[in-house]
Amino acid sequence: ARLLLLHGPNLNLLGTREPQIYGATTLVQIDEAALAQCEAAGHQLQTLQSNSEAALIDRVQAAAGEGVDYIVINPAAFTHTSVALRDALAAVAIPFIELHLSNPHAREEFRRRSYFSDLAQGVVCGFGAHSYTLALQAAIHQLSLAPS
Ligand code: DQA
Numbered sequence: 002a003r004l005l006l007l008h009g010p011n012l013n014l015l016g017t018r019e020p021q022i023y024g025a026t027t028l029v030q031i032d033e034a035a036l037a038q039c040e041a042a043g044h045q046l047q048t049l050q051s052n053s054e055a056a057l058i059d060r061v062q063a064a065a066g067e068g069v070d071y072i073v074i075n076p077a078a079f080t081h082t083s084v085a086l087r088d089a090l091a092a093v094a095i096p097f098i099e100l101h102l103s104n105p106h107a108r109e110e111f112r113r114r115s116y117f118s119d120l121a122q123g124v125v126c127g128f129g130a131h132s133y134t135l136a137l138q139a140a141i142h143q144l145s146l147a148p149s
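Residue numbers in the sequence shown follow UniProt numbering, run continuously in steps of one, and reach 149 at the last position.
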């Protein structure tokens with residue numbers, strides 16, 4: 002199957018960005034591990050990080066035409082602000098998992114609201130870079146259940 006891993010704004014800075022919250026793992030390391038995990042399960046993975054809401058929306062819209070089967074997304078700060086990215090995911094109707102490195106529920110009040118959680122198949126948060134491994138494991142499991 003085809004999986005798409007999306008990273009929202011400021012995640013290009015992982016490794017140096019508030020490491021006490023987000024850890025020391027870089028985005029390159031996260032993408033490399035994700036690729037290996039998906040390949041080992043016999044799936045294809047594409048990834049994109051963007052600081053631009055428009056670029057993420059365009060990527061989600063394109064995914065429908067490309068036959069992407071599953072999306073794993075860390076919307077980062079767009080989690081709490083972007084009706085437009087939410088609407089894009091609703092429009093393409095590709096199942097997705099929302100994930101976060103930190104646990105937004107244990108932080109500032111404004112991080113408790115997500116525009117994605119109620120549309121997501123599930124949410125993984127709080128495990129640092131391992132949140133990606135867990136979310137991809139769940140996505141791979143869901144794909145194994147889906148009729149093909
Ligand atoms: C984040 C949590 C968000 O609240 C924050 O804006 C981020 C990263 C996380 O992965 O923990 O940029 O999505």
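Cβ coordinates follow ideal geometry from the N, Cα and C atoms, glycine included.
As the structure is a computational prediction, the values presented were derived from the model and not from experiment.
Query	Result
Coil, strand or helix - Tyr133 by DSSP	helix
Same chain, Cβ closer than 7 Å to Arg114, neighbours up to 5 away in sequence not counted	His81
Neighbourhood of ligand 1 [Cβ distance below 6 Å to any heavy atom], ordered by chain position	Asn11, Asn75, Ala77, Ala78, Thr80, His101, Leu102, Ser103, Pro105 and Arg112
Nearest residue (CA-CA) to Val124, options His101, Leu46 and Gly43	His101
Residue environment, Ile22, which counts as buried when at least 16 other CB atoms sit within 10 Å	exposed
Within 7 Å, strictly: CB atoms of Ala121 and Ile31	no
Reduced DSSP secondary structure (H/G/I, E/B, other) of Thr26	coil
Ranges of the beta strand (DSSP E) found wholly within the segment 77-119, counting only runs of at least 3	97-101
DSSP state of Val69 mapped onto helix, strand, coil	coil
Supposed close pair Ile98, Ala37 - CB separation, criterion 8 Å	No, Ile98 and Ala37 are not in contact; Cβ-Cβ is about 18 Å, not under 8 Å.
The segment 39-48 touching the segment 10-17, judged by at least three CB pairs closer than 8 Å	no
Close Cβ partners of Gln140 (< 7 Å) along its chain, the five nearest in sequence each way excluded	Here residue 140 is Ala; the residue named in the question, Gln, does not match the sequence. The residues are Leu4, Tyr71, Val73 and Ile98.
Beta-bridge partners of His8, as assigned by DSSP	Gln50 and Asn75
Between the CA atoms of Gly24 and Ala2 - distance to the nearest angstrom	30 Å
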